[in-house]
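The letter at position 180 of the sequence shown is residue 180 when you use full-length UniProt numbering, and the numbering goes up by one with no holes.
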Amino acid sequence: MTFSDQLNEYNQTLAGDHNFRWGYLGEQLSRSGHDVEALLQQLAAFQVAIPSWALGTGGTRFGRFPAGGEPRSLEEKIEDVGIIHALNRSSGAISLHIPWDIPRDYEAIRQLLQANDLIIDSVNSNTFQDQSGQPLSYKFGSLCHTDTAVRQQAVEHNIQVAEYGQKLGDECKTLTVWLSDGSDFPGQHHFRRAYQRTLDSLQTIYNALPSDWTMLIEYKPYEPHFYSMLIPDWGTSLRLSEACGPKAQVLVDLGHHLPNTNIEQIVARLLHFGRLGGFHFNGSMYGDDDLTTGSIKPFQLFLIFCELVQAAQDSVVRNPPVAYMIDASHNLKDPIEDLLQSVQNILTAYAKALLVDTEALFDAQDANDAVRAEEVLRDAFMTDVRALVAEAIHRQGGALDPIGLYRNLSIRQQRIDTRGKLAVATGL
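Quick look at the structure:
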């Protein structure tokens, strides 16, 4: 029996319950004035990339407990993302991390991507680790290093990463730059000079990119350095982006903020400036925890999507398309199950944001009616949209319950049988 047959058979077992719940919700949404078909089309069009480094179990500096059957090569990572996309139809892109995932045979990789209905949409550089055979160390920085030769090595690596991406297909047009550069002790860095060296390095990379590529600049307030990070906040990232040019954008990682930061306001500001380039989705309790997206602060995720939806509906906003990706660590969970959960939570938050009565919200805001404004948001957030999300996935050929089918088919055990119980994913 083919996977398609298994999926259809599984969906048939859930059809009765789903049709009942979907029939009720669809009628409820129609009575509320929503265009149900338009909602389904918007959800079906939403795609969130899977990073190549997220397909193995994570860990801490104290230990790591592999799930078994983890992907040992880029080819096996593509197979794993392929099954995720086949189940949810919302994960049709992979974000590669270099040098872990340098293709050995580009044509074979392109064919494998096509067979799995996938694309490579972005590539990520790595100057936060020293690689085997690397001539110079990044111990004291990369793009900000005091040594010109170290900076040049880091610049050339980023340019080479983009060249790898160009060989993987026309869909790959994004280079993501995250810098671990920073300092741990007062006086270690000359802040202004370190910033200028970084800007000079980024401008060199930017000028080497193809004209239709985007460079995403990520920020992080702490870790691995705990006195100062070179790009600690969205304002620094924004200033660097503006200084590089229109192809440079800010990347927001939901975990890269201090506790209780108003991320939705940051998103609104960047959209207003036309500089929101991408998202790395995850969940956070204390810091950069990289937990399952939406598992800790689902209301905040909803509010973030409200800003994204409102900006998409506002003709005044001139922001380019936003690149979405999951960036999570699965210390205890099966990585594929965790990624499936994250995508479901992202789609759920997006669906709820689409239900917000923005006209009523804006009226309440103009009238300074704080209670009414919050109630409008709560009406959408409290709506159970699981049947809406399931229907959108189903109409695209996915599973009504992606995690349920994954378990039903014992896919993790199949991976262990094929790859081995001790197989550990390459990369982080």
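All C-beta atoms in this analysis are idealised placements derived from N, C-alpha and C, irrespective of residue type, glycine included.
Residue range 74-88 is occupied by the alpha helix (DSSP H) that includes Glu75. Within a 10 Å sphere around the beta-carbon of Thr174 sit 16 or more other beta-carbons, which makes this residue buried.
For His280, the uninterrupted beta strand (DSSP E) segment begins and ends at 276-281.
Note: Thr60 is bridge-paired with Gly63 in the DSSP secondary-structure output. Here the alpha carbons of Leu7 and Gly68 stand approximately 24 Å from one another. A direct Cα-to-Cα measurement between Phe3 and Pro402 gives close to 13 Å. Gln249 sits in a strand when the DSSP states are folded into three classes. Under the DSSP definition of a beta bridge, Asn124 partners with His97, Thr176.
Contiguous alpha helix (DSSP H) elements confined to the region 323-398 occur at 335-354, 358-366, 370-381, 386-395, taking only those with 4 or more residues. Leu39 and Gln344 have their C-alpha atoms spaced approximately 16 Å apart. Less than 9 Å divides the Cβ of Asn319 from the Cβ of Gly274. If you ignore the 5 residues before and after Ser315, its C-beta comes within less than 7 Å of no other C-beta in its own chain. Residues of the same chain with a CB within less than 7 Å of the CB of Thr204, apart from the 5 flanking positions on each side, are Val155 in chain order. Residue burial annotation: His190 is exposed, with fewer than 16 other C-beta atoms found within 10 angstroms of its C-beta. One thing to note: Thr214 has its Cβ no nearer than 9 Å to the Cβ of Lys167.
By the Cβ neighbour-count rule, Arg415 is buried, with 16 or more other Cβ atoms within 10 Å of its own.
Taken through DSSP and simplified to helix, strand or coil, Thr418 comes out as helix. The beta carbon of Arg407 sits closer than 6 Å to no other beta carbon from its chain once the five residues preceding and following it are set aside. If only uninterrupted beta strand (DSSP E) runs of at least 3 residues are considered, those enclosed by the region 117-173 are 119-124. Per DSSP, reduced to three states, the secondary structure at Gly235 is helical. Taking a 10 Å sphere around the C-beta of Met325, we find 16 or more other C-beta atoms and assign the residue as buried. Boundaries around Thr214 are those of the beta strand (DSSP E), 214-218, since no alpha helix (DSSP H) includes it.
In terms of Cβ geometry, Thr348 and Gly294 form a close pair [threshold 9 Å]. Looking only at Phe185, Ile159, His97, the smallest Cα-Cα distance to Phe226 is reached by Phe185. Contact check between the region 371-383 and the region 83-91: fewer than three CB pairs, one atom from each, fall below 8 Å, which does not count as touching. Around the CB of Asp290, 16 or more other CB atoms lie within 10 Å, so the residue is classed as buried. Within the DSSP bridge table, the entry for Pro259 names no partner. Of all C-beta pairs linking the region 331-342 to the region 302-312, fewer than three are shorter than 8 Å, placing the two stretches out of contact. By the 16-neighbour rule on beta-carbons within 10 angstroms, Ala45 is exposed.
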